[in-house]
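Going down the list, the protein sequences come from chains A and B. Position 96 of the first sequence, counting from 1, maps to 96 under the working numbering, and the rest follow consecutively. Each number in the working numbering comes from the position in the second sequence (counting from 1) with 1000 added on.
Protein chains: 2
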Amino acid sequence: MPNQHAHPADNSIATAKAATQQCHSSPQVSCGDCRLSALCLPISLHIDDIDKLDRIVQRGKPLQKGDHLYRAGDDFHAVYAIRSGTVKAVHITDDGLEQVTGFYLPGEIIGMDGIARNRYSNSAIALETASVCEIPFARMEELSLKMPSLQRHFFQLMSKEITQDQQLITLLSKNSAEERIAALLLSISSRNHQRGLSSTHFRLPMSRADIGNYLGLTVETVSRVLSRFQKQALICVDKREISINDINKLRKISNAMSPYN
Amino acid sequence: MPNQHAHPADNSIATAKAATQQCHSSPQVSCGDCRLSALCLPISLHIDDIDKLDRIVQRGKPLQKGDHLYRAGDDFHAVYAIRSGTVKAVHITDDGLEQVTGFYLPGEIIGMDGIARNRYSNSAIALETASVCEIPFARMEELSLKMPSLQRHFFQLMSKEITQDQQLITLLSKNSAEERIAALLLSISSRNHQRGLSSTHFRLPMSRADIGNYLGLTVETVSRVLSRFQKQALICVDKREISINDINKLRKISNAMSPYN
DNA sequence: CGGCGCCTTGACTTGCATCAAAAGTAGTGG
DNA sequence: CCACTACTTTTGATGCAAGTCAAGGCGCCG
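In structure tokens, the structure reads:
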């Protein structure tokens, strides 16, 4: 059993120092104009409705690497759409270990675990400079009562989170180290692709330790498997830069996780 | 890596043969009078609202052991409240293996994975004679637009499913066989307790194979661990009957999964 | 009675964790 | 710009928990 203790960079929530140099979209852009709206908004939303939604969203909260977006146990009041950068969700176990339960890329929504108990059950930590849009949940709920497509969208987002978690469960309980890592690489690849980025060349936003933690493996195993993949010429690894050379073979190895996400 | 192939008892959806002999609550009882309403309904629901909800719920669908409630890939149209008996949710992987992603006891809701893609991503299979209430989702959605507390309740149910899945993820990726099995026993114990049943003596509704599948272990390991627990006088095992003798030591072993559920 | 699931137990194997050490990278400050 | 510290990643050697293979027991039903 891995034994990776938590050493959170204990900075508190980001000050208003700008993260804009890395942020492609201006922090002022409205939901209607956001490049990512196709991912985080219901497609069917009428233009007037987008305006209404726009008015409740707090745009452009900047985070530095290691900053907490929220902490497990904090009162729940909002979910967050990632605008740029990457955020990880970690569950803290009773005995103080961290379990990474997900990585959230631009266009994805984090924080829905908090709804059940009105308090976040995970902590969310930026893996790199990031900015997020805060969506106050109470106001979102109200708005949902008037906008059926928004309500439906939220139900769908949450359901998607459930199916993703269940895929991870399957991965953890049935698959070998190689299969897990292949699946993660493919997942990142296809999520990049969805946002119009390269699906074959990208930079991993997370450390080997985070990958291992997420996949239930040790750092050493992650490193060894990546080396092995490289030796087989499936991928090229240069620190955190990854090039996928033989995506089909990688798919065959992973043997899991559906083509989308 | 375990390699448990699927041999589903391939009966189709239950015919109207009564399951009532095992079903404590009469199939005709309304939501307002149901013993389980505290578990599956929002507490704050006004009596008139319960009536409205009551009108859309299809009560008492009976299932025999091995029957499918729905199958992965079926069009999604409803979620189901378990009324009596036990149902498992299984995810079928690309290579045809089953992964059990949850066990659903009376008062719990199954089927929310289907919302995301408008099609069930899991199959639901009765582990014993069971009856369920069907909640047509489209009508539930409509009703939610008029009843804020119902909308909220559904958000909470889904969020709860998310946090539970994340606990399972943690269990699978960080815990030993003994820890996993202790956690499952405690989970069942406390869910029984919530419904007013004994928390120390109960019958496991699922086979060793299902337990192993759910927890990412082989049948042999499940059996060995249960024997070991019995030798240490933590529990008594007689086939599927379980008595918990030392719940505190069991908690110390499990080292995970919060006291509730 | 005989056959079929389900469960248990034992002997052996193996994939990944653990332990250890060193090389590579990044950040800080003199 | 280099020296110093601290972290991340890689690689190797070794051990163990859980998987695999195999055999036998128990309960159930036709």
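C-beta: ideal position from N, C-alpha, C; glycine also.
- Taking 7 Å as the Cβ-Cβ cut-off, the stretch 65-83 of chain A has no residue approaching chain B.
- Contact between B:S1223 and B:R1208 is confirmed by a C-beta separation of about 6 Å, below the 8 Å threshold.
- Annotated three-state conformation of A:S44 is coil, per DSSP.
- Counting the other Cβ atoms within 10 Å of the Cβ of A:A38 gives fewer than 16, which makes it exposed.
- DSSP, read as helix, strand or coil, puts B:T1101 in strand.
- According to the DSSP assignment, A:G212 belongs to the alpha helix (DSSP H) that extends over 208-215.
- The continuous alpha helix (DSSP H) containing B:P1148 extends over residues 1148-1174.
- Think of a sphere of 7 Å around the beta carbon of A:E161: the chain B residues whose beta carbon falls inside it are I1162, in chain order.
- Between the stretch 135-144 of chain A and the stretch 52-71 of chain A there are three or more inter-stretch CB-CB distances shorter than 8 Å, so the stretches are counted as touching.
- At a beta-carbon threshold of 8 Å, none of the residues of chain B lie near A:D48; the nearest stands roughly 18 Å away.
- The C-beta of A:G85 comes no closer than 8 Å to any C-beta of chain B.
- The C-beta of A:F103 comes no closer than 8 Å to any C-beta of chain B.
- Closest option to B:L1168, judged by alpha-carbon separation, among B:D1049, B:G1102, B:S1198: B:G1102.
- For the pair B:I1244 and B:I1235, the Cα-to-Cα distance works out to about 4 Å.
- One Cα belongs to A:Q64, the other to A:V87, and the distance between them is close to 10 Å.
- Across the structure, A:G107 and B:D1238 are spaced so that their CA atoms are roughly 52 Å apart.
- B:T1221 does not reach chain A, its nearest Cβ partner there being about 12 Å away, counting only Cβ pairs nearer than 9 Å.
- The beta carbons of A:L45 and A:I82 sit no closer together than 8 Å.
- For A:A233, no beta strand (DSSP E) segment is defined, and its DSSP state is neither H nor E.
- Assignment of beta strand (DSSP E) within the stretch 103-151 of chain A, counting only whole runs of 3 or more residues, yields 123-126, 130-136 in chain order.
- The continuous alpha helix (DSSP H) containing B:A1182 extends over residues 1177-1194.
- Its chain contains S1189, S1190, N1192, H1193 as the residues whose beta carbon lies nearer than 7 Å to that of B:S1199, once the 5 sequence neighbours on both sides are disregarded; these appear in chain order.
- Here the C-alpha atom of B:F1202 lies approximately 10 Å from the C-alpha atom of B:L1185.
- For B:K1061, the enclosing beta strand (DSSP E) covers residues 1058-1063.
- At least 8 Å separates the CB of B:A1126 from every CB of chain A.
- Within chain A, the residues whose beta carbon sits less than 7 Å from that of B:I1169 are Q99, T101, D165, L168, I169, L172, listed in sequence order.
- Only residues of its own chain outside the window of five on either side were considered, and among them R1203, L1204 have a CB closer than 6 Å to the CB of B:R1240, listed in chain order.
- Between A:D33 and A:C40, the alpha-carbon positions lie close to 12 Å from each other.
- Listed as beta-bridge partners of B:I1247 by DSSP are no residues whatsoever.
- The C-beta of A:N255 comes closer than 8 Å to at least one C-beta of chain B.
- CA-to-CA, the gap between A:S123 and B:V1100 works out to about 27 Å.
- At a beta-carbon threshold of 7 Å, the residues of chain B lying near A:M112 are S1159, I1162, ordered along the chain.
- Sequence-distant partners of A:G114 (beyond 5 residues in either direction) whose C-beta falls short of 6 Å from its own C-beta, in its chain, are F76, Y120.
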